[in-house]
Amino acid sequence: MTLGNNIKQFSCLVLLTIVAIFSHYLGVFNTKYALYNDNFDPIELISLGDVRVSKGEQKGAHVVCQLDDASGYNLCGVGIGVGENDWVSGKNFNPYESIEFELFYKTPDDKSRLKISLRNHNKNYSKSSDRVSHKFNTITLDTSTFDLPIDVPLEVFQVETWWLSQYNVDFENSLSDFSNIIQVEFLTSGMEAEGGYEILVKSITLRGKAISFQNLITIIVCIWFFTGIYCIFRQQNLVKEISKKDMVTGLHNHIGFERIVQSRALGNNISMHYIGISELKDISDTYGYKIADEVAIYATNLIKEKLSKVQCESYLCRYSDDGFAILFENTNEEDLISFSKEITRIKKKIITIRSHKVNFSMYLGVFNSPDCTHDYRTLISHSRAAMNYSQQNNSLSFQVFDDEFSQEILQNKNISEYIKSAISNDEFTLNFMPIYKTETLEVSAMEVLLRTNSESLIGIGPDVFIPIAEKFNLIKEIDAWVIENTLSIIKENYTYLEATKPIFCINISSEQLRNTKFVDLLSRLLKQYDIPAEWIELELTETSLVNVEDKNIEVLQGIRDLGVRLSLDDYGTGYISFNQLINYPVNNLKIDKSFIDLLENKDDASKMIVKSIHSLATTYQLTTVAEGVETIEQYHYLSELGCDFLQGYLFCKPVPWNQVKTLLDPSHIEEVREKLKEKHIER
Ligand code: G
Ligand code: G
Ligand code: MN
Numbered sequence: 001m002t003l004g005n006n007i008k009q010f011s012c013l014v015l016l017t018i019v020a021i022f023s024h025y026l027g028v029f030n031t032k033y034a035l036y037n038d039n040f041d042p043i044e045l046i047s048l049g050d051v052r053v054s055k056g057e058q059k060g061a062h063v064v065c066q067l068d069d070a071s072g073y074n075l076c077g078v079g080i081g082v083g084e085n086d087w088v089s090g091k092n093f094n095p096y097e098s099i100e101f102e103l104f105y106k107t108p109d110d111k112s113r114l115k116i117s118l119r120n121h122n123k124n125y126s127k128s129s130d131r132v133s134h135k136f137n138t139i140t141l142d143t144s145t146f147d148l149p150i151d152v153p154l155e156v157f158q159v160e161t162w163w164l165s166q167y168n169v170d171f172e173n174s175l176s177d178f179s180n181i182i183q184v185e186f187l188t189s190g191m192e193a194e195g196g197y198e199i200l201v202k203s204i205t206l207r208g209k210a211i212s213f214q215n216l217i218t219i220i221v222c223i224w225f226f227t228g229i230y231c232i233f234r235q236q237n238l239v240k241e242i243s244k245k246d247m248v249t250g251l252h253n254h255i256g257f258e259r260i261v262q263s264r265a266l267g268n269n270i271s272m273h274y275i276g277i278s279e280l281k282d283i284s285d286t287y288g289y290k291i292a293d294e295v296a297i298y299a300t301n302l303i304k305e306k307l308s309k310v311q312c313e314s315y316l317c318r319y320s321d322d323g324f325a326i327l328f329e330n331t332n333e334e335d336l337i338s339f340s341k342e343i344t345r346i347k348k349k350i351i352t353i354r355s356h357k358v359n360f361s362m363y364l365g366v367f368n369s370p371d372c373t374h375d376y377r378t379l380i381s382h383s384r385a386a387m388n389y390s391q392q393n394n395s396l397s398f399q400v401f402d403d404e405f406s407q408e409i410l411q412n413k414n415i416s417e418y419i420k421s422a423i424s425n426d427e428f429t430l431n432f433m434p435i436y437k438t439e440t441l442e443v444s445a446m447e448v449l450l451r452t453n454s455e456s457l458i459g460i461g462p463d464v465f466i467p468i469a470e471k472f473n474l475i476k477e478i479d480a481w482v483i484e485n486t487l488s489i490i491k492e493n494y495t496y497l498e499a500t501k502p503i504f505c506i507n508i509s510s511e512q513l514r515n516t517k518f519v520d521l522l523s524r525l526l527k528q529y530d531i532p533a534e535w536i537e538l539e540l541t542e543t544s545l546v547n548v549e550d551k552n553i554e555v556l557q558g559i560r561d562l563g564v565r566l567s568l569d570d571y572g573t574g575y576i577s578f579n580q581l582i583n584y585p586v587n588n589l590k591i592d593k594s595f596i597d598l599l600e601n602k603d604d605a606s607k608m609i610v611k612s613i614h615s616l617a618t619t620y621q622l623t624t625v626a627e628g629v630e631t632i633e634q635y636h637y638l639s640e641l642g643c644d645f646l647q648g649y650l651f652c653k654p655v656p657w658n659q660v661k662t663l664l665d666p667s668h669i670e671e672v673r674e675k676l677k678e679k680h681i682e683r
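Residue numbers (full-length UniProt numbering): 1 to 683.
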């Protein structure tokens, strides 16, 4: 747009230059000044010697001279006054280039030379008492050789030499001078023949150019120069403006927003809202940036529409690719709460952009500063932290950054530090929880569970620190540690494990689905410890699979291709649809403990849920594990239902490795049977 403007300006300049030069050439800038015409009469008759001079009858400066005796020095002519006609104040001829005469000259012989003098008064050399002291800038014209009128360049007038010697003029004043012409004189140049002479001056016109070519070029160069400077200045301003704007939505970007907020004296009750659009980056990766841009525009319009219902003053900006910030001033709590609710209601909305159906969710973080004591950076970082929290937890509501929240953030930060040091000090251990085959009650698998003996993590279980490790990007290291240590333990005890071949079920974080190097790592470790892949099962929570896309399924497929088994943990909590389930290459469903707990209610509805999960698994040829079996009634129901495997405190709690050997001993089966019998009798 600007470039177009600059090109327009440049073309105008070129055109202007051409027109100016041509106009100059064609004489558009020519000026003239009528110094004398026949209506003008400050004339003076001049004569020397034996001449009788009289005023002629014709209109104009007309002089008639009669010479009766040509011997001696004779002279005759007419002088035309210029300026004030006081022999002091004349006219400056310097701005003109030439002088045009329309005149008539008649002599008795054929010698028709006429002298024209421009008489200049200058106090350097002229005295008003002496009229001859006015400088003679003179030319001599042969009037018979030209057709009247004649245009004479001023530069051909020269100072008469007799005048120079008579007044002994110094060099500085010896050149022709037109700065103050007081009279133009027309005189006969030698009167050799006797008879009548006649001079008639009809008009004198000064000619010149309003602007000389040189000045014109100077002016044009100046115009180019200033236009150039103006364009650069405007361009810079525009770049500055653009740098403050988001070109897609037309809103201010974070730079512009900061300027606005910083430059204003903010009113009372400030509230900063930060809205995150989830998956915008993924949309851009999958469908291209144009679709992502349209989603951003859609979001902008949606926010604007909701904002229009808010009474207090607000400033909206696109703070980042997938984040919008709104500053509210002089807030009205009710208004803002209903705005926040409307924004957070937009979750998992399917919107159609150019025939693509994309998932659209908004997350909101709020930071209120009632006394306005917080600076801009704090307003942004707190509201953004609250939004991130809301997004990471898939929260259905908005998150306010208040004291409680900041405590939690701080605590999470501390825990992340403890995890880091536990990793570097090797303060993790593994526990094992047996999984029983329902029919035979033999231990067919073992869930590997992470424990820590770090002092600072006392009382903090993996249910707390694992999600924090995920948030602080520490989970990859932890999962790798668990896998490697499990394989190492298997390797050490290979000989006696070979007899029963229990499967080791390792929990891994959903983050690994986005880790393209995970399959390589797993494959490398299996080779390094030389463990058969089918001894290992990886447990992924069902919730983590709800949002997976094709590329994540590739990781799952990669794991299965190694020969490693896959299991869906906490099944029933994540709303995986039936047709989604076919896409996942899993072997096993672990029915979540919360459903097993429901069996205690003894109502048919809860039994139906467990039953339908089991029949679903059977349909897809998946095995099922019931997690968290704690009572004999649950055991009876599940074994009648035909659930393949059972895990829970009823049979055994998680144990350290040194107790695992006894669990794998055939005598343990008897122990468990005994225990179940006792429980049955107790009832
Ligand atoms: O064993 P416990 O009930 O404390 O486990 C709590 C949660 O932590 C469970 O959801 C379990 O899946 C998870 N968990 C336990 N050990 C590991 C582990 O080694 N890696 C991962 N990613 N999660 C684990
Ligand atoms: O999410 P995941 O299924 O990986 O969780 C495993 C956790 O569940 C383990 O920490 C284990 O201690 C716990 N767990 C397994 N069975 C029972 C049970 O019967 N009762 C209780 N309270 N916890 C159990
Ligand atoms: Mn598990």
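Even for Gly, the Cβ is constructed at its ideal location relative to N, Cα and C.
How would you write the range of the beta strand (DSSP E) that residue i sits in, first residue to last?
i, result
"I503", "503-507"
"A325", "323-329"
"V201", "195-209"
"T31", "30-36"
"L566", "565-571"
"Q66", "61-67"
"S54", "51-55"
"E539", "536-541"
For residue i, which residues does DSSP report across the bridge?
i, result
"P434", "M446"
"M362", "I277"
"A626", "I591, L646"
"R119", "F136, Q183"
"G81", "Q183"
"N368", "S271"
"I43", "I80"
"R318", "F324"
"S523", "Answer is none; S523 lacks a bridge partner."
"V400", "V366"
"Y105", "I199"
"D130", "K127"
"Q158", "T138"
"T662", "None, per the DSSP bridge assignment."
"R514", "None; R514 has no bridge partner."
Can the beta-carbon of residue i be found closer than 9 Å to that of residue j?
i, j, result
"N431", "V655", "yes"
"L513", "L474", "no"
"A325", "H273", "yes"
"I508", "I531", "no"
"I478", "L457", "no"
"H24", "K209", "yes"
"V358", "I283", "yes"
"N6", "C231", "yes"
"I553", "N601", "no"
"L622", "L589", "yes"
"S395", "Y363", "yes"
Between residue i and residue j, how many whole angstroms is the CB-CB distance? I'm expecting something under 8 Å.
i, j, result
"L441", "V625", "Not a contact, Cβ separation roughly 14 Å."
"E542", "R565", "Contact flag wrong, Cβ pair sits at about 16 Å."
"L67", "Y197", "7 Å"
"T452", "E427", "6 Å"
"F136", "L154", "With 8 Å as the limit, F136 and L154 do not qualify as a contact, their Cβ atoms being about 14 Å apart."
"N368", "N268", "At roughly 11 Å, the Cβ-Cβ gap does not stay under 8 Å, so N368 and N268 are not in contact."
"H614", "L641", "6 Å"
"C317", "G365", "The pair is not a contact, with the Cβ atoms about 15 Å apart (cut-off 8 Å)."
"L148", "E102", "6 Å"
Go to residue i, then tell me how far its alpha helix (DSSP H) extends in each direction, as first and last residue.
i, result
"I489", "475-492"
"D604", "604-619"
"Q392", "376-392"
"I353", "Not the alpha helix (DSSP H): I353 falls in the beta strand (DSSP E), residues 349-353."
"F225", "213-243"
"E342", "333-344"
"D293", "289-307"
**Prompt:** Within the structure, which residues are defined as neighbours of ligand 1 by a Cβ-heavy atom distance below 5 Å, reported in chain order?
**Reply:** L449, L450, G461, P462, D463, I466, V482, N507, S509
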